[in-house]
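Q:
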Amino acid sequence: MPSYDLTNATFEQFIDYIFDHPLPANEDEEYWYWSDDLDVTYEPIKLMDYYTKLFTKPQILIDRYSDEQLEQGLLAMRSCLMPGAISEVLWEEEIPSDAREECIRSMYYLYRDLFSVKPLHTACFMWWDSFTDDYSITHVHSETAEGPSIQNVMFETLCQTLNLDVEICQHGALHGLGHLRHPGTEAVIRSWMASKPDLDQQSTEFAEECIVGNLV
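Start counting the sequence shown at 1201; every next residue gets the next number (the numbering used here).
#1: Which runs of the alpha helix (DSSP H) at least 4 residues long sit entirely within the stretch 1201-1249? Give them in chain order.
#2: Can you tell which of R1390, L1223, P1383, K1396 has the C-alpha that lies nearest to the C-alpha of D1365?
#3: Which residues in the same chain have their Cβ closer than 7 angstroms to the Cβ of L1206, if we skip the five residues on either side of it in sequence?
#4: When the Cα of W1234 is compared with those of L1358, N1352, P1202, S1349, which residue comes out closest?
#5: Distance, Cα to Cα, S1342 vs T1385?
#6: Which whole runs of the beta strand (DSSP E) in the stretch 1344-1370 are 3 residues long or more, in chain order?
#7: Between F1331 and H1375, how many whole angstroms is the CB-CB distance? I'm expecting something under 8 angstroms.
#8: Assuming G1372 contacts W1327 (C-beta within less than 8 angstroms), just tell me the rounded distance between them.
#9: Could you give the residue range of the alpha helix (DSSP H) that holds M1277?
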């Protein structure tokens, strides 16, 4: 049984846990984190601090792992299948709300300093799917005491990301806004579209779909 104890792990050991794995050799081989026998022990607050540190300075990953390992690790950490994934740790009850919000805000730097310089298209485009749906205006979480605040922080971070002058980052932000369904979504996206008179038809149509939440 693969076993990882991250309770006393250093930051370097933490990022190796996520990224330092071989890729599947073929279509029939599963990703390492798909194992039902994977046993991982961690302390949520410590792991949250590590995630925030990683998102704030993601450029440390660029020379440490291959592009394929980066893509695999980023998709793993937003997946519910990897124990200790950010999509799981972020919502642990013992995480203070200010630490949760700080981590969400730090995801902007993941786009600015990593996705903008690395062709990790799937991870960049799909990143927000694992976080925004739970805080859409149609979901119960948006009605909890912390829900509106979390939704607003996500919205602010996505708006900040949308203003990056990198197309794949803009599309990732649009995709996240489309799933989040914040009340300010249409105004922000239409303002962004108006600022880009040369926007191609495909991007225009995608932006319109994000406004109405017409996403898979």
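Glycine is no exception: its CB is placed at the ideal position from the N, C-alpha and C atoms.
A: Straight from the coordinates:
#1: 1211-1219
#2: In the sequence shown, residue 1365 corresponds to position 165, counting from 1. Closest option to D1365, Cα to Cα, is K1396.
#3: In the sequence shown, the residue the question calls residue 1206 occupies position 6. Same-chain partners within the cutoff: F1214, Y1217, V1240, T1241, Y1242, L1247, G1284.
#4: Your numbering for residue 1234 matches position 34 in the sequence shown. The shortest Cα separation from W1234 among L1358, N1352, P1202, S1349 belongs to P1202.
#5: Taking the first residue of the sequence shown as 1, we reach residue 1342 at position 142. Taking the first residue of the sequence shown as 1, we reach residue 1385 at position 185. Note that S1342 scores a pLDDT of 48, beneath 50, so its modelled location is shaky and nothing firm can be said.
#6: none
#7: Counting from 1 along the sequence shown, the entry for residue 1331 is found at position 131. Counting from 1 along the sequence shown, the entry for residue 1375 is found at position 175. Contact doesn't hold; Cβ gap of about 12 angstroms is too wide.
#8: Counting from 1 along the sequence shown, the entry for residue 1372 is found at position 172. Counting from 1 along the sequence shown, the entry for residue 1327 is found at position 127. Indeed they touch by this definition, with Cβ atoms about 6 angstroms apart.
#9: As a position in the sequence shown, residue 1277 is number 77, starting the count at 1. Unbroken alpha helix (DSSP H) run through M1277: 1267-1277.
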